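Protein chains in written order, with this note's numbering: chain Z, 1 to 388; chain F, 1001 to 1230.
Spelled out as structure tokens, the structure:
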């Protein structure tokens, strides 16, 4: 028997209350793990970017377009193998405007050369290249929207207003996670030709395949140097950096998730603190007896902190024990298939697991601090009197 | 003075006063009290509720400090000791028996008895050995692995007595040790206290309302309004 062991045993003295507390904290830990996994997975989306691609966007912002003529200039830069361009279309399914998926207008002739990890059956690819209204749909999105080759599909434009009727010419898969399978790509020309002259011939960003990954920074600098003299300067970066800047648009969501995570942790502390405080109040006379036997206030504090740490850790293990099989065993496949663009690898990683366990332990300890200090201050006589 | 006295006072109180304020009123619990208890005595303190008997016991046990006067126990002036020193004094010199036993329900009898030894430098096996010996002394060698909820009131109090004697204290302080027990169990506990006094030489100070319990003591002090009235 040890002092900390004695504190730990107290944690299970009222099994019903302890059980409810463990369940409450475990659910909070589960929610925390899920939210952290969303953020981690989101960040992974930028990590899986191809290393031999660089992207050029307007120096000011991702949302300010560049003149299309820049594409030809970039194509001539030393080290650039192939170039394509794209615009964020921001379309919605006309039948179901609430469904979110990425829609991009791309240069069909060059797009698949630069994104060579996309796999499209040859006959579908040929058909798409020929069809001005043709679209390529990721396999996950096709399943989600119940689309098959030959279907007609109407997008409602938000950035480019109107109803845009597309032909589903191909369904792509991918050999790497650098391209998600829940996006829709269609011809840039189709939209561009329909725009008023002042909005025409603008591209969102230019993507270049380079000779080898190592020359990325030099090629990027060379491209930006050329356009330094132009009215509209550029910012060229790795595909990973582009993905990160794209995700910057979702920073408010990430911030909101962070805030919710903090609120969950505060709830966790309150649940634990309430249980510990109730237990300590009920055991006041016992602490008085222990003090009478010669135990010091520091011993009483150790008992209580041992109890709160045990409770936090047990609840943490229970929460992680729920979260890992739930996410890695079932939820991950669903999310990766249906939201692969944002969450290409949706798994609870070791860091999140350790974070959750560490936080449960630390917050468990923290929740015991105030009751421990108060119990340590009790006068022996007053504590013993509680039994009379 | 106790029949068991060998002439050496183990407890000496001189001019002890204990008072506290309740609102604007000052309440005197003990009033200029003098008391000597000889080593090896078995003394009982009786009196009506509020007479100050438990407060007196608390001062002797170093659980509370006198407002004025001197409290000397086992050669130590308790009024001069810090909280930490008082805690060490209690663990080395005193054994406590409470009316409601105050055993820890999460520990079995053996672990409850071992509890005070956690404050010593003894190793685990030696602690266990001593706790087993103490439980044998109180006749509970067959209940060592029982938890308090599995014991009768009398058995619980015997475990508490084993806990009180496990580190061989000079003085045992018992606050209403039979208050929660039936007559038969109370008699057993009082017999056990008598044995500890006679056979093991422990000085026993007992607060009680029970005249039959007080009869077992060699000296009975009566308190009223904070003064000894015997």
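For each residue, glycine too, the CB sits at the ideal point set by N, CA and C.
Computed from a prediction, not measured in an experiment: that's the story for all the values here.
- The Cβ of residue 381 of chain Z sits closer than 7 Å to at least one Cβ of chain F.
- Judged by their CB atoms, residue 1197 of chain F and residue 1042 of chain F are nearer to each other than the 7 Å cut-off.
- Chain F places a beta carbon closer than 7 Å to that of residue 13 of chain Z, counting this residue as a contact.
- Within chain F, the residues 1084, 1087 have their CB atoms less than 7 Å from the CB of residue 296 of chain Z, given in chain order.
- When the Cα atoms are used, residue 1156 of chain F and residue 1108 of chain F turn out to be separated by approximately 11 Å.
- By the neighbour-count criterion, in which a residue is buried when 16 or more other Cβ atoms sit within 10 angstroms of its Cβ, residue 361 of chain Z is buried.
- Within the region 267-285 of chain Z, contact with chain F at the beta-carbon level (separation under 8 Å) is assigned to 285.
- Ranked by Cα distance from residue 275 of chain Z, the options Z:10, Z:1, Z:4, Z:2 are led by Z:10.
- Shown here for residue 212 of chain Z: same chain residues with a beta carbon closer than 7 Å to its own, the five before and five after excluded, namely 52 in chain order.
- Listed along the chain, the chain F residues whose CB falls inside 8 Å of the CB of residue 3 of chain Z are 1118.
- By the Cβ rule, the region 1195-1211 of chain F counts as touching the region 1042-1062 of chain F, because three or more pairs are nearer than 8 Å.
- For the region 302-326 of chain Z, no residue has a beta-carbon sitting nearer than 7 Å to a beta-carbon of chain F.
- Here the C-alpha atom of residue 1089 of chain F lies approximately 9 Å from the C-alpha atom of residue 1076 of chain F.
- DSSP places residue 207 of chain Z in the uninterrupted beta strand (DSSP E) bounded by 205-210.
- Contact annotation: in the region 1188-1211 of chain F, no residue has its CB less than 9 Å from a CB in chain Z.
- Listed as beta-bridge partners of residue 1156 of chain F by DSSP are no residues whatsoever.
- The three-state secondary structure of residue 1224 of chain F, taken from DSSP, is strand.
- Chain Z has no Cβ within less than 7 Å of the Cβ of residue 1029 of chain F.
- For residue 372 of chain Z, not one C-beta of chain F is nearer than 7 Å to its own C-beta.
- The count of Cβ pairs closer than 8 Å, one atom from the region 292-305 of chain Z and one from the region 373-381 of chain Z, reaches three, so the stretches are in contact.
- In chain order, 1106 make up the part of chain F whose C-beta sits under 7 Å from the C-beta of residue 10 of chain Z.
- Residue 226 of chain Z sits in a helix when the DSSP states are folded into three classes.
- In this structure, the CA atom of residue 236 of chain Z is about 9 Å from the CA atom of residue 242 of chain Z.
- Cα atoms of residue 198 of chain Z and residue 131 of chain Z: separation of roughly 26 Å, rounded to the nearest angstrom.
- The C-beta of residue 260 of chain Z has fewer than 16 other C-beta atoms within 10 Å across all chains shown, which makes the residue exposed.
- Here the region 55-66 of chain Z does not lie against the region 25-44 of chain Z, with fewer than 3 beta-carbon pairs under 8 Å apart.
- The beta carbons of residue 168 of chain Z and residue 185 of chain Z sit no closer together than 7 Å.
- Cβ atoms of residue 127 of chain Z and residue 138 of chain Z stay farther apart than 8 Å, at about 17 Å.
- Put simply, the region 1015-1034 of chain F does not touch the region 1169-1184 of chain F. Fewer than three CB pairs are less than 8 Å apart.
- In this structure, residue 1094 of chain F sits near residue 1061 of chain F, with a CB-CB distance shorter than 7 Å.
- Residue 1078 of chain F and residue 368 of chain Z have their C-alpha atoms spaced approximately 33 Å apart.
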